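Since the structure comes first, as C-alpha cells, the remarks are kept for the end.
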Amino acid sequence: MTQLEGGSAHAGQTSPTPLIQTRGIAKTYGAIAALKGVDVTFNRGEVHGLVGANGAGKSTLVRMLAGLEQPDSGQILIRGKSTEISSAVRASGLGFAFIHQELNLVGAFTASQNIMLGSHRGSAIALRRTDGIDPRAREVAHRIGIDFPLDRPVSQLTVHQQWLVSIARALVHDCELIAMDEPTASLDADESARLLKVARDLANQGVAVLFISHRLDEILQICDRVTAFRNGSVSMAITRADITREAIVEAIVGHELVSPRREEAPPSQRGRVVLEVDGLRAGRTLNGASLRLHEGELLGVAGLVGSGRTELARTIFGADGYDTGRMTLFGRDYVPRSIRDAIRNSIAYVSEERRAEALFLDLPITSNLHVATWAKRRFKRLPLISTRKAESDARRICRELGIVVRGGTRKPVGALSGGNQQKVVIGRWLEAQPRVLLLDEPTRGVDIGARAEIYARIRDIARSGMSVIVISSEFEELLECDRVVIMSGGSTKGELSGDEITVKEMLRLCYS
Amino acid sequence: MTLPTYAGAGHRILSFLARYGTLVVLALMIIGFGAASPAAFLSERNLINVLNQSALLAIVSGGLTYVLVAGQFDLSFANVISLSGILSVGLIERSGWPIAGAIAAALAVAVVVGLANGFLVAYVRVNAIVATLGTSTVLLGVNFIYSNGAPITVSAGGFTNIARDRILGIPAPVLIMAAVLLVLWVALNRTLLGHHLQAIGSNPAAARLAGVGVGRATVAAFVVVGVCAAIGGVILSARIGSGMVTAGDGFLLSAFAASFLGASVVRDGQFHIVGTIVGVLIVSIAANGLAIMGAQSYAQYLVQGLILLIAVALSTTSRRILGQQVS
Amino acid sequence: MTLPTYAGAGHRILSFLARYGTLVVLALMIIGFGAASPAAFLSERNLINVLNQSALLAIVSGGLTYVLVAGQFDLSFANVISLSGILSVGLIERSGWPIAGAIAAALAVAVVVGLANGFLVAYVRVNAIVATLGTSTVLLGVNFIYSNGAPITVSAGGFTNIARDRILGIPAPVLIMAAVLLVLWVALNRTLLGHHLQAIGSNPAAARLAGVGVGRATVAAFVVVGVCAAIGGVILSARIGSGMVTAGDGFLLSAFAASFLGASVVRDGQFHIVGTIVGVLIVSIAANGLAIMGAQSYAQYLVQGLILLIAVALSTTSRRILGQQVS
Amino acid sequence: STDGPAGNRGDGGARTLGIVQFSGDDVYSNSALNGAAKYAESQGWKTITVDAKGSVDGANAAMENLITRGVDALLVSVFPSSALSSGAASAAEAQIPVANWGGGLGNGVKFAADTALGDEIARRVVEDMMGHGDLLALGYRPGLPCQNREAALDKVLAGTEVKVTKQQITIPGAATSASEATLGWLASHQPQGQPIAVWACFDDPATGVASALRQAGRNDVLSYGLNGTAPALELVRKGELTATLWIDGPAQGQDLAKLLMQHLKDPTSVKSQVIGGTTKVIDRSNVESFLAEHPELR
Ligand SMILES: Nc1ncnc2c1ncn2[C@@H]1O[C@H](COP(=O)(O)OP(=O)(O)OP(=O)(O)O)[C@@H](O)[C@H]1O
Ligand SMILES: Nc1ncnc2c1ncn2[C@@H]1O[C@H](COP(=O)(O)OP(=O)(O)OP(=O)(O)O)[C@@H](O)[C@H]1O
Ligand SMILES: [Mg+2]
Ligand SMILES: [Mg+2]
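Protein chains in written order, with my numbering: chain A, 1002 to 1513; chain E, 7 to 333; chain X, 7 to 333; chain D, 372 to 669.
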C-alpha cells in the first residue's frame, strides 16, 4: 500500500468558504427517514470518504447533490450561498460530476457516446456529428486504463467494461466536485488502484472528491476526512489523523466486528463430488474451464476481470450455450438446455448485475423474494397462492438476512438501499434451496457487517449439504472459501486450498 | 421521525390524491351527473344500465390488462370481438349449430388467435405492436371472407337471451362480467402465472434468469385477452342481435383508455384488474352521464378527453410534488 | 476472429436477412407486382403515383418516428391531421385568410398541441398513451366545434394546387415529402437534439443522470410530430379538396405500421428515418399493387397483414437463429 | 331542471324526441335527423341528440340511456335495425316507438326511411357507359344503405357488358381509402376508347374518387356518388364528379317525426312502414338550377 502524498495538511483550512456545506438536510420517503438533519462539509482539494451500513443514507445525500432528490428541509450552501439543485442539468451546471451507485448507460450508444453524453455544449439544433470517438473520451479512457474499443455499443460490453465507461463519463467533465458512489465495487485490484490514484490526483488539483466505499482499505488509503452515517445521521466525523480501521468499523456498525474465522475442512472430510466441469469451451470467452465442486463446499473462483468467470457460471446455469466440454451433476451427465432446466436440476445463480438482471424494481420486496419459489407459497389444498404465507415468509427472509425494510415488505424493492437490494437477490435463491449455488460478485455494495452475516448464512446452508461457488474480484472475500480455483483467459489455471489461499498467491496465479 | 416542515394538512391531501386521485375523479363524476339529473342518472334502473353497458368493456379491458401487465401490447382484440360475434351468429344461423357449440367454436378460434399472437411475440420475437397489427389485418380479411362484409342477423331467440336474461334483476352480461373479472383477478394475484406475468412485465431479462417461463407466460397472456375478447364478442352480438365486421372497432381505444386509466389507480403505473375496473367505470359513466344530459358531440368529446387527462394528471401531479415518482 | 462452425453460405444468407430482411420483402413485392402487371405497376406514371400517395404517410410517419425514438407514443396526430386540414380550409374559405396565413395558423396550432402533449408527458408525467388519447379526444371536440362535423369545401383554386402542382413532372407533395424527410433525418442524426432523443429513448434514467434535458427534448419530439401531422393535414385537405373531421383517422394505424416496420430495417428494434421510409413504401406499395391487381377486399387485408408479419419476422427470425438477438 | 323522469309521458308536458346519430361527422344522415328535430321542435317538442360515434354497441347503449332519461319517441340513423336488438327491446318494454332513418325495419322498429334508392343512379351509370366498359364499384357492406345500393347496382348491371371491380372502402377514412383504391385501379385501366367509370356508394368516398382523378390527371373517367351532399354538389358544379343522386333526407326525417307523433296520439292509426323519398340525379346540366332551389346545400 503506497503512501499517497495527500494535500491533507492544508486542505480545508486554506479555502475561506468550503465548496459545499449542508445544513440540517432531511429527507423522508413516506414513513422512512433516509436522512435526518445531516451537516457535512466538502472542501476543495480533499478526498472526503462517506461510510455507513447499507441504508444509512449515503447515496441519498449524493443523489441530492446530483439534483435527483430534493431535501424536505435544510439547506445546501454552495460556495457559501444557499442553492437549490433542482435537476441533474443544474448540478452539472454547478460543476458537479457523479459516479452513481447503479449502472446507467445508454445501451444503444457506443462507449464514446456514453462518455460524452451530457458534455456537449451549444445549440441543440446546430449541425454536428456525435458518432466517432471523441478525443476527450479517448484521453479519459487512457487515464483509467480502458483497453476495449470505444466505438463498441455498450450493450455489447461486459458489465465490468460498462462500469469503466460509467467512471470515464464522470471524469470527462472539468468539475469542482466529483462524487463517487462505490466506484470500485465492480473493479479489480489494478483498476481500483488506478482509480484511487485518479481520485487523489483530482483532489490535488483542487477538486472536492466525495468517495463512498464499503472497502475500508480504500477509505484508509486515500481519504483526508471520513464521515460515517448511521440511520440517516452523521455518527462520526473523523479527520485524517484519527482514521483507523477500528474507528471506522466502530462508527459504521456501532460495535467492534469479530472477523469470522474459516473452519478448516480437512480433505478427508470433503463430501462427494457434486458438480464436475471438464474442458468447457464457448466461443471466445471460455476455452477449457474445468472444476470440481464437493458437497457442502464453498469454492471460490478468482480471476481478473474478463477472465471468463461470469461466462462459466452462466454456462453452468444454462443461460449461455457452449461448444464443447462435459459437465456431470451428481454423477450423471448434465447438459443444461435452458435456465429452467438448470433450476430443475437444483442450480441457482445470483447474477453480478442486480438491477438489470435480477431485480423487479417496481414490484414489492415480497415478489422479488418469491419469484423463483412462488409454488411454495400456495395453500395446502388449493392451487392458489396464500398472501399471508408469502408475506410472513418474506418477513422471515428479511429477518434472517438482515434486510432493512423500514416500509414493510410490500414496498417496491427499488426503495431499498443498494446493499439491501443485493441481499434480496441472495435471499431469493437461498429460498429455492438449491444443491449448487453460483454467486457472482455476491457482496457487491454490501456493508462489512452485512457481508459477515451473509457468509454466515451461506455457511449455515452449506453445512446442510448445499455447495457454493463464489466468484469475486475482491480476493479478501475469497479467503472465506474452502478452495479457490483461478481463472485466466477463459480457462482454469490452478487451484488453492487450505492455507495456500492467500491474496498474494491468488494474484500470482492470475498473472502467471 | 419529525415530519417535514410543509407537512400537515397539505401533505396529507397530496398523499391522498396521489393514491386515490383517479377514484376522486370517479366520485366527482358520479356526484356531478347525479346533481345534474338526479331522477334519471341515479335511478336504480340507470345504475344497472351503466353496469350492463360497462360489462363488455370491462371484460375486454380485463383481458387486455394481462397483456399490458406482461409488458406487451395487443391491437388485434377488437377484430377478435368482431370475429367471434360473426362466427357465433354465422354458425347458428347459417350452419345450424347449437348455441353452445357456436360459442365454443368462437372461443376456440380466439384461443388460436391468442396462440398465434403469443408465438409471434414470444418466440419469433416480433414487436407486439407489429405482430398484433398484422394479425388484426389478417383477421379483418377472415371476417370479410366469412361474412362477405355484410352483417349476419340473429333470428333465433335463444342467442339474444344471453344479453337479455336477468337473474334477480341483474342482467346476464353483468353477471358474466363479475365472474370473468373475479377469475382474472384471482389468476393475476394468486397464481404462479399471474406473478410470473408481473415479473416479466417489470424486467423480462431478470424474469428469464429467475427461471420464469417467459415465452409460455407471454403466450398465455395473449390467449387470455383473446378469450376475453371472444366472450365480449359473443355478448355484443347477442346484444345487438347480429354479427358485424366492424362491431368491435370502437372497443380498441376505449379498452386502452380504461386500462391505462386503471394503471394510475392506487399503484403508480402498474396495470391491475381493480384499476382497470375503475377505468372502465370512468369511461362508461362519462358516456352515460353525458348522453343522459343530452350533450352535443363536441361537448362529449371535450369532456371525455378532459376527464381522462384530469383523472391521471391528478395523481401523477400529487406524486410529483411529493417527490415519490420513481423516475 | 474465427467464424462459428456452422458458417459458410447459410450463415451469410442469414446475416444478410437479419440486416436486410425487410428490404428483401420490399424488393420481392416490387418484383411480384411488376411481374403480375408490368404495364400498369411499373409505368413511370404509377411509380410517381405511388410516391405521391406515400408522401402524406411518409411525412406523418417521419414525425411519429421522433416520438418513438424518444421512447414515447402519440395517438393524437391523426386528429391533428384532421384539425389542420379543417382549420386551414376554414380560415381560407370562411374567414378569407390568405393561403399562407391559414397554413401558418394550422402549423401554429399543431405546435401548441405538441407543446401540450409534451408538457403532459414530460412534466406532468402522464403516461404518453393516456395523455395523447386524452388530447386526441379533446381535439376531436375542437374539430367539431369549428366545423360542426361537416366538411368544409375548398373553392379557391390556389389551395388545391398544393397537391396538384408539379415541378419537372414531380408532384409537389413528393417534393415536400423529400424536404421534410431530409430535415427530419439531419435533425435526428446530426444535431444534439436528435442525439439526446436517441439517448432518452434508449435509457431515459441514464440520459437524465447524464444531464440531458429530458423534458425539453421530449417536448420537442411531440412538437415535431405535431408539425409533421399539420403539414400532412394541409396536403391532405388540398388533395381531397376539403377539410373533414375524420380525414386523418386512417393514418393512425398505418403510420404506426410504417414506423414499426422501419424499426426492423437494418438496426434491430431502433426507430430511424430511413427505416420508416422503407416501412412507408411497403405499406403504400402493397396497397397500390393490390388495387392494380383488382384484388378483393378480403384478399387485400390478408395480404397486407401477412406482408407486415413476414417483413418483420424474416429479420427477427434470422437474428434469432444467428443468436445475435440481445435478450 | 329540464329532464323529465322516466314514465311521465302523456301528461301534457313537453314531449321529447330522442335522436341517436350514427356519427357526429356524418353530415348527410345528420341533416335528415335535423329535419326531424326541426319539425318536432315546431310542434312544441324537445329534442335530445346523442352521438353513437359509429359504434353499434354505442347506439344500443345510447337508446337505453335515452329511454332511461325519459324520451317519448326515438329516432335512429343508419345502423341496421337488425343490429339494434337490445336498444329496441328496451324501447318496446317502455312502449316507446322507434324510427330508423336508413336502417330498415325489424326488431320492433316501426318506421323507416328508404335511403337505398340506388336504381336511378345505377341506370344512369349504365346509360352513360352505353352498356359496356370498366366500372369500379366502391361499396361499404357493413352499412345497410350501401349494401342495398350495391345490390341495386348489381341488378341493373346484370346482362350488360360492363366489367365490374368491387372494392370496400373503410370508415373512418372513407375519402382516403376511396382515393387509394381508385388510383390503383386507374393505373391498370388506362384510356382505351372504352368507357371507364367509378361508382361510390355515397358521396364521401365519391369526393375521394374525384381527388384521385384529379391527382392522376384523368378526365376520361366518369364518376358517381349518392346522397347529394354540399361537397359533392360542388364537385358536380366544377365538373369533377359526373353525377350524384340527391335524396331529400331532411324531408324524410320530417316524415318520420310525423309518423312517430301520429303513433303516439293513436297507435292504431299508423301502420309500420318504410317511407320513400324525393330523389333527383344531379349532373352538370342541372346543378346550378338545383343549387338555386336549395341554397342550404351551397
Ligand atoms: N425512492 C425511495 N423510496 C423509499 N425509500 C427510499 C428510496 N430511496 C432510498 N430509500 C431509503 O432511504 C434509506 C437510505 O438509502 P441510501 O440508498 O441512501 O442508503 P446507502 O447508505 O447508500 O446504502 P448502501 O450502502 O446500501 O448503498 C434506505 O432505508 C432506503 O430504503
Ligand atoms: N456480451 C459480450 N459481448 C462481447 N464480449 C463479451 C460479452 N460477454 C463477455 N464477453 C467477453 O468474454 C470474456 C469473459 O467475460 P466474463 O464476463 O465472463 O468475465 P468475468 O471473469 O466474469 O469478468 P467480470 O468480472 O467482468 O464479470 C471477456 O473477455 C469479455 O470481453
Ligand atoms: Mg448507496
Ligand atoms: Mg463477471
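Here a beta-carbon is modelled for each residue, glycine too, at the ideal position from N, C-alpha and C. These numbers were taken from a predicted model, which means no experiment stands behind them.
When every heavy atom of ligand 4 is checked, does at least one fall within less than 7 Å of the C-beta of residue i?
i                  : result
Glu1358 of chain A : no
Arg1460 of chain A : no
Glu1477 of chain A : no
For residue i, go through chain C and note every residue whose CB falls closer than 8 Å to its CB, in chain order.
i                 : result
Ala216 of chain E : No chain C appears in this structure, whose protein chains are A, E, X and D.
Is any heavy atom of ligand 1 found at a distance shorter than 7 Å from the C-beta of residue i?
i                  : result
Thr197 of chain E  : no
Leu1417 of chain A : yes
Gly219 of chain E  : no
Gly1428 of chain A : no
Starting from the Cα of residue i, find the closest Cα among the options and give me that residue.
i                  : options                                       : result
Ser972 of chain A  : X:Phe262, X:Ser67 and X:Ala193                : As shown, chain A starts at 1002 and ends at 1513. That puts residue 972 of chain A outside it, with no answer to give.
Pro1184 of chain A : A:Glu1177, A:Asp1175, A:Ala1169 and A:Cys1176 : A:Ala1169
Val645 of chain D  : D:Lys534, D:Leu446, D:Asp485 and D:Leu528     : D:Asp485
Ala110 of chain X  : X:Ala64, X:Ile288, X:Ala236 and X:Ile54       : X:Ala236
Lys1198 of chain A : A:Cys1224, A:Val1173, A:Leu1106 and A:Ala1229 : A:Cys1224
Ser461 of chain D  : E:Arg51, E:Ile206, E:Leu315 and E:Val230      : E:Arg51
Val527 of chain D  : D:Gly489, D:Lys636 and D:Gly406               : D:Gly489
Tyr26 of chain X   : X:Gly281, X:Ala156 and X:Leu121               : X:Gly281
Which class does residue i belong to by DSSP, given the choice of helix, strand or coil?
i                  : result
Ala223 of chain E  : helix
Ala1127 of chain A : coil
Tyr3 of chain E    : A query on residue 3 of chain E cannot be resolved here, the shown segment of chain E reaching from 7 to 333 and no further.
Ile1350 of chain A : Checking the displayed sequence, the identity of residue 1350 of chain A turns out to be Tyr instead of Ile. DSSP places Tyr1350 of chain A in strand when its eight states are reduced to three.
Ser1087 of chain A : coil
Ile542 of chain D  : coil
Leu242 of chain E  : helix
Glu532 of chain D  : strand
Glu1296 of chain A : coil
Gln561 of chain D  : coil
Asp1334 of chain A : strand
His1161 of chain A : helix
Consider the C-beta atom of residue i and the heavy atoms of ligand 3; say whether any pair is separated by less than 7 Å.
i                  : result
Arg1102 of chain A : Note that residue 1102 of chain A is Gln in the sequence shown here, rather than Arg. Yes, the Cβ of Gln1102 of chain A comes within 7 Å of a heavy atom of ligand 3.
Ser1214 of chain A : no
Ser94 of chain E   : no
Tell me whether the beta-carbon of residue i lies closer than 8 Å to the beta-carbon of residue j.
i                  : j                  : result
Val160 of chain X  : Gly247 of chain X  : yes
Lys549 of chain D  : Ala571 of chain D  : Just to set this straight, residue 549 of chain D is Ala in the shown sequence, not Lys. Result yes, Cβ atoms of Ala549 of chain D and Ala571 of chain D sit closer than 8 Å.
Pro613 of chain D  : Ser594 of chain D  : Here residue 613 of chain D turns out to be Thr, not Pro, going by the sequence shown. Yes, the Cβ-Cβ distance between Thr613 of chain D and Ser594 of chain D is below 8 Å.
Pro566 of chain D  : His503 of chain D  : yes
Thr28 of chain E   : Leu267 of chain E  : yes
Ala1112 of chain A : Val1155 of chain A : yes
Ala169 of chain E  : Arg245 of chain E  : yes
Report yes if the C-beta of residue i is less than 7 Å from at least one heavy atom of ligand 5; otherwise report no.
i                 : result
Ser394 of chain D : Absent from the structure shown: ligand 5. Ligands present: ligand 1, ligand 2, ligand 3 and ligand 4.
Review point. When you check each C-beta in the stretch 395–414 of chain D against every C-beta of chain X, which residues fall closer than 7 Å?
Key: Gly395, Asp396, Val398 and Asn401
Point to revise | Chain-ordered residues of the stretch 635–665 of chain D with a beta carbon less than 9 Å from chain E | key: Sequence-ordered contacts of the stretch 635–665 of chain D with chain E are nonexistent [C-beta pairs closer than 9 Å].
Check your understanding: Which residues, in order along the stretch 159–175 of chain E, keep a beta-carbon less than 8 Å from a beta-carbon of chain D?
Key -> Thr159, Val160, Thr166, Ala169 and Arg170
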